[in-house]
Amino acid sequence: MARYRVIAKPHRVEHEVLRSRFITTVARAGSADEARAFVAKQREEFADAGHTCWAYVVGPPGSTSTIGLSDDGEPHGTAGRPMLEVLLHAPIGDVVAAVTRYFGGTLLGKGGLVRAYTQGVIEALAAIETVEKVRLVRVALEIEYAHISRVRRVIAAHEGAIEDEQHGVTVGYLVGVPEHRVDELRRALTDATAGDLLFDVARDPDDATTNA
């Protein structure tokens, strides 16, 4: 998937079940290392808590290529797995969730724990702000001056953005364009200039976000 929604900024919610406090924080994580670093910060912040359970999904919504989870001492399958299931069914990608529990003195049982950890992640995701993540490719163009107006219109029509411009014997542009639109941009520019251009993918894709 070339574009999908991601969390704009970390969000936290808290709820209580039989005097146990569950503090859930969700954030964007573009890699497993980022997700684990986020979890480490939550553990540091709540160092006196009994458990900080977590799960993450790196990649588009529903992707299972890069996932992780931990029950952090809770009974097996009662925390990390249900948290991960919520993340996998959410309409966002690159997401990590950590749920910190302060024990309230009453055992919740396996079913109660599953419901509590699930509830925390659902409530946190329900209130997040999102942005769109787009994979951008940098394209280097070289054109004749006569084509400038047409080329600029074509670039804009394909969600491209001119990042650098050089004027000499010809005009050179460095253009950021969504990865999935590179081939159609090439075709459109070839038509607009009757093939009178140089078109080269200058750099591997980067991630960018937009509020669209």
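5 is the number of the first residue of the sequence shown in our numbering; add one for each residue after it. In this text, a Cβ means the ideal position worked out from N, Cα and C, and glycines have one as well. From a predicted model like this one, the values you see are computed outputs, not experimental measurements.
Contact under 8 Å by Cβ, residue i with residue j
{"i": "Ala83", "j": "Cys57", "result": "yes"}
{"i": "Ala165", "j": "Gly176", "result": "no"}
{"i": "Val141", "j": "Val30", "result": "no"}
{"i": "Asp98", "j": "Val138", "result": "no"}
{"i": "Arg185", "j": "His151", "result": "no"}
{"i": "Ala59", "j": "Tyr106", "result": "no"}
Between the CA atoms of residue j and residue i - distance to the nearest angstrom
{"i": "Leu202", "j": "Ile11", "result": "38 Å"}
{"i": "Arg191", "j": "Ser35", "result": "34 Å"}
{"i": "Met143", "j": "Asp168", "result": "The sequence given here places Val at residue 143; Met does not occur at that position. About 11 Å."}
{"i": "Arg17", "j": "Pro182", "result": "According to the sequence as given, residue 17 is Val; it is not Arg. Their Cα atoms are separated by approximately 34 Å."}
{"i": "Thr68", "j": "Met87", "result": "14 Å"}
{"i": "Glu38", "j": "Leu92", "result": "18 Å"}
{"i": "Gly124", "j": "Arg47", "result": "17 Å"}
{"i": "Leu117", "j": "Ala44", "result": "22 Å"}
{"i": "Ala131", "j": "Lys13", "result": "11 Å"}
{"i": "Thr197", "j": "Val155", "result": "8 Å"}
{"i": "Leu193", "j": "Ile27", "result": "52 Å"}
{"i": "Ala33", "j": "His15", "result": "13 Å"}
{"i": "Phe50", "j": "Thr134", "result": "26 Å"}
Residue environment, residue i, which counts as buried when at least 16 other CB atoms sit within 10 Å
{"i": "Phe42", "result": "buried"}
{"i": "Leu22", "result": "exposed"}
{"i": "Ala216", "result": "The predicted position of Ala216 is uncertain, since its pLDDT is 47 and thus under 50; no value can be drawn from it."}
{"i": "Thr110", "result": "exposed"}
{"i": "Tyr149", "result": "exposed"}
{"i": "Val158", "result": "buried"}
{"i": "Arg153", "result": "According to the sequence shown, residue 153 is Ser rather than Arg. Exposed, by the Cβ-count rule."}
Continuous alpha helix (DSSP H) stretch holding residue i: start and end
{"i": "Gly124", "result": "Gly113 to Ala130"}
{"i": "Glu18", "result": "Not the alpha helix (DSSP H): Glu18 falls in the beta strand (DSSP E), residues His15 to Val21."}
Endpoints, the beta strand (DSSP E) within which residue i is located
{"i": "Gly1", "result": "Coverage of the chain is limited to positions 5 through 216, which leaves residue 1 absent and any answer about it impossible."}
{"i": "Ser24", "result": "Ser24 to Arg32"}
Which runs of the alpha helix (DSSP H), 4 residues or longer, sit entirely within the stretch 19 to 100?
Runs of alpha helix (DSSP H) with 4 or more residues, each lying fully within the stretch 19 to 100, are found at 36 to 49 and 84 to 92, listed in chain order.
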